[in-house]
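Heads up: the structure comes next, in structure tokens.
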């Protein structure tokens, strides 16, 4: 067994992130600023090149905002993007950050687990899928949990730690320390469809979409009701645009299958996704995002 090293903060000295999209790079960047070396695994060379570019931009922004005392050269020297899962072998923690598809996540998690030492930890960034179901495909389910980060990672303060049926108590204790070390606040929840955050967030978003569909009020006014009346930092429709309408749709369909008709998907959401109006990433969703 190869002993994995940790930083004084308790963060593993090498953290892997399987999936270099916006969320994956954000998570890697957070651990990089906490002093870890990071390895991002991507599916092909084009995706890897894009992830490298986004991470360099995130590092530059951190320096410009003076959120780190390290130089760009020092930070970039501790970061690597690869297409070979074997490059994660020395990581003490790997977080999977691929789309909300059970088969895709299982394929990535099992491929990564084969490369890790027996004392490494493995986590998924799923926002709704069953930790127990994903863990059932793993050789070491006790070393696996959910670490649900929020988008955008740099601006969010919450990380949901999800305890699966087989998750070892010491993993939850370690995860609480990791989250604190990267400057965020943890909550711990049991494995349940949608956990705490997605379950509440999605049901509010779906009702806001139904209200828009029924002509109750405009998207701007529905959001204003929640921002001004309930002190939400952002309205549910604008947040759906940021998350991605396709992502919201996938989570809602899963929650409906697990929890019943109170998560029934509004026709308007399906129509927008079918039309390619996915929110900020496509330029239009419930709002127009322009450039």
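Residue numbers (the working numbering): 74 to 364. Quick reminder that beta carbons are idealized off the backbone N, C-alpha and C, glycines included.
In the DSSP annotation of this structure, the continuous segment of the beta strand (DSSP E) that includes residue 91 starts and ends at 87-91. Here residue 78 is exposed. Its C-beta has fewer than 16 other C-beta atoms within 10 Å. For residue 235, the enclosing beta strand (DSSP E) covers residues 231-236. Nearest to residue 98 by alpha-carbon distance, out of 117, 81 and 130, is 130. The DSSP assignment places complete alpha helix (DSSP H) segments of no fewer than 4 residues inside the region 109-166 at 118-137 and 145-150, in order along the chain.
Membership of residue 194 in the beta strand (DSSP E) is indicated by the continuous run 194-197. With 16 or more other Cβ atoms from the protein chains shown falling within 10 Å of its own Cβ, residue 198 counts as buried.
Assigned with DSSP and collapsed to three states, residue 82 falls in coil, not helix or strand. Rounded to the nearest whole angstrom, the C-alpha separation of residue 314 and residue 108 is 33 Å. Burial is judged here by how many other beta carbons sit within 10 angstroms of a residue's own beta carbon; residue 273 has fewer than 16 and is exposed.
Where residue 217 is concerned, the enclosing beta strand (DSSP E) starts and stops at 217-221.
When only Cα atoms are considered, residue 354 and residue 104 end up about 25 Å apart. Bridge partners of residue 169 according to DSSP: 91 and 197. Under the three-state reduction of DSSP, residue 258 is assigned to strand.
Taking one beta carbon from each stretch, the region 289-300 and the region 137-154 have fewer than 3 pairs nearer than 8 Å; the two do not touch. Short of 8 Å from the beta carbon of residue 249, and not among the five residues preceding or following it, lie these beta carbons of its own chain, in chain order: 234, 259 and 261.
From the listed residues 220, 219 and 205, the smallest Cα separation to residue 238 is found for 205.
Of the residues assessed, residue 335 falls on the exposed side of the cut-off, its CB having fewer than 16 other CB atoms within 10 angstroms. Contact check for residue 210 against residue 182 passes: the beta carbons are separated by less than 8 Å. Taking a cut-off of 8 Å on C-beta distances, the region 296-312 does not touch the region 329-347, as fewer than three cross pairs fall below it.
Shown here, residue 291 sits in coil according to DSSP, grouped into three states, outside any helix or strand.
The Cβ neighbour count for residue 301, taken over all protein chains shown within 10 Å, is under 16; the residue is labelled exposed. In the DSSP assignment, residue 361 forms a beta bridge with 357. In the displayed model, residue 352 falls within a strand according to three-state DSSP.
By DSSP's assignment, residue 263 forms a beta bridge with 236. Under the three-state reduction of DSSP, residue 304 is assigned to coil, being neither helix nor strand.
By the criterion of a C-beta distance shorter than 6 Å, residue 141 is surrounded in its chain by 106 and 135, once the five residues flanking it on both sides are discounted. In this structure, residue 111 sits near residue 90, with a CB-CB distance shorter than 8 Å.
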